[in-house]
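Here's the structure, in structure tokens; my notes come after.
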């Protein structure tokens, strides 16, 4: 299971919501990013509004050459890295 959680600002402060939980058969960086784009689009969230990404520190998420973070960073230059411990 692969949860997509968003933190966002409201007049009440920072809110957190699970917007989707999906099952990924192939957990490559390309498939994860494609799924993320699809989930954001289904929820009318502009990917350029992302400020950071949080994930565990596996190579598929944060590796230097071809990772979820590097693929997203190429489209979202202001994206920051967060690691879940």
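In the working numbering, the protein residues as written are 1389 to 1473.
The beta-carbon is built from N, C-alpha and C at its ideal position, and this holds for glycine as well.
| Query | Result |
| --- | --- |
| Grab me the residues of residue 1391's own chain with a C-beta within less than 8 Å of its C-beta, minus the 5 sequence neighbours each way, in chain order. | 1406, 1408, 1409 |
| Straight-line CA distance for residue 1452 to residue 1415? | 17 Å |
| Please report how far the alpha carbon of residue 1389 lies from the alpha carbon of residue 1462, in whole angstroms. | 26 Å |
| When the distance is taken between beta carbons, is residue 1429 closer than 8 Å to residue 1464? | no |
| Provide the residue span of the alpha helix (DSSP H) that contains residue 1447, from first to last. | 1447-1450 |
| For residue 1454 and residue 1469, I'd like the C-alpha separation in whole angstroms. | 15 Å |
| Do residue 1395 and the ligand NAD come close, with the Cβ less than 7 Å from some heavy atom? | The ligand NAD is not part of the structure shown, which contains no ligands of any sort. |
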